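**Student:**
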Amino acid sequence: MMTQSAAPDIVVYICCNCIAQSVRLPRQWRQDGAQVLVREVPCSGKMDGQYLFHAFEGGSRGLCVVACPKGECHLAQGNYRAEIRVRTIQQLLSEIGLEVERVELLHFSPSDQPERLEPLVRDAVQRVSSLGAVSPPAAG
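The numbering used here runs 1 ahead of the 1-based position in the sequence shown.
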């Protein structure tokens with residue numbers, strides 16, 4: 002179990018509108034040696050870049066954002082805003098010498114099969130986890 006002071010290796014932000022009430026992931030777990038923390042957010046579009054970058058500032062290796070599929074956002078354009086913000090974070094990561102794969106955007110709909118969510122997230126976590134810890138770029 003993760004302690005309160007330890008930063009999770011991977012943070013998964015899930016829009017509460019894209020999952021049915023009966024579909025829930027564990028709040029935290031270990032996978033491939035990485036601590037994973039799941040946080041539900043009111044809408045994937047409500048997270049600004051600073052909110053997403055906070056995970057890296059706290060020491061996380063990467064993050065996944067689970068949003069509604071395109072055209073299915075309950076709050077009109079939230080999933081489009083989330084996509085733009087994820088791309089912006091990926092661009093910033095690239096500019097500072099980190100892998101863009103450290104941030105993933107996944108789409109899930111309440112009409113999707115509930116048992117599909119956990120493998121979808123676990124696959125993304127595995128990809129991010131395989132990148133290892135974030136190390137500062139070499140001074141040059």
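Using N, Cα and C, we set each Cβ at its ideal position, and we do this for glycine too.
Predicted, not measured: the structure shown is a model, and the values here were computed from it.
#1: Within its chain, find whatever has a CB closer than 8 Å to the CB of E58; leave out the 5 residues flanking it on each side and keep chain order.
#2: Would you kindly work out how many angstroms separate the C-alpha atoms of R28 and Q36, rounded to a whole number?
#3: Are there 16 or more other CB atoms within 10 angstroms of the CB of S136, so buried, or fewer, so exposed?
#4: Check each candidate in P111, P120, V104 and E116 and name the one with the smallest Cα separation from D10.
#5: Going along the chain, which residues of its own chain have a beta-carbon closer than 8 Å to the beta-carbon of R128, five neighbours each way excluded?
#6: Can you tell me whether Q36 is helix, strand or coil according to DSSP?
#7: Please work out which residues of its chain come closer than 6 Å, Cβ to Cβ, to A56, disregarding the five sequence neighbours upstream and downstream, and give them in chain order.
#8: If you reduce the DSSP assignment to three classes, tell me which class M2 lands in.
#9: Give me the residue from V87, P115 and E116 with the minimum Cα distance to Y52.
#10: By the 10 Å Cβ neighbour count, where 16 or more other Cβ atoms means buried, how is S131 classified, buried or exposed?
#11: Quick check on the DSSP output: the beta strand (DSSP E) that includes L125 runs from which residue to which?
**Tutor:** This is what the structure holds:
#1: On the sequence shown, position 57 is the one that residue 58 refers to. Answer for E58: no residue qualifies.
#2: Here residue 28 is taken as the residue at index 27 of the sequence shown, counted from 1. Here residue 36 is taken as the residue at index 35 of the sequence shown, counted from 1. The alpha-carbon atoms of R28 and Q36 are separated by roughly 11 Å.
#3: For the purposes of this step, residue 136 is taken as residue 135 along the sequence shown, with counting starting at 1. Exposed, since its Cβ has fewer than 16 Cβ neighbours within 10 Å.
#4: Taking the first residue of the sequence shown as position 1, residue 10 is located at position 9. Of the candidates P111, P120, V104 and E116, the one whose C-alpha sits nearest the C-alpha of D10 is V104.
#5: Against the sequence shown, residue 128 aligns to sequence position 127. Correct list, in chain order: E102 and E105.
#6: Your numbering for residue 36 matches position 35 in the sequence shown. Strand.
#7: The residue labelled residue 56 in the question sits at position 55 within the sequence shown. Excluding sequence neighbours, A56 sits near V12 and L64.
#8: Position 1 of the sequence shown, counting from 1, holds the residue named residue 2. Bear in mind that the predicted position of M2 carries a pLDDT of just 44, short of 50, making it too unreliable to give a figure here.
#9: Counting from one through the sequence shown, the residue named residue 52 turns up at place 51. Comparing Cα positions, the closest option is V87.
#10: Counting from 1 along the sequence shown, the entry for residue 131 is found at position 130. S131 comes out exposed.
#11: Counting from 1 along the sequence shown, the entry for residue 125 is found at position 124. Sequence inspection shows Ala at residue 125; the Leu mentioned does not correspond to that position. Where A125 is concerned, there is no enclosing beta strand (DSSP E), although the alpha helix (DSSP H) it sits in stretches over L118 to S130.
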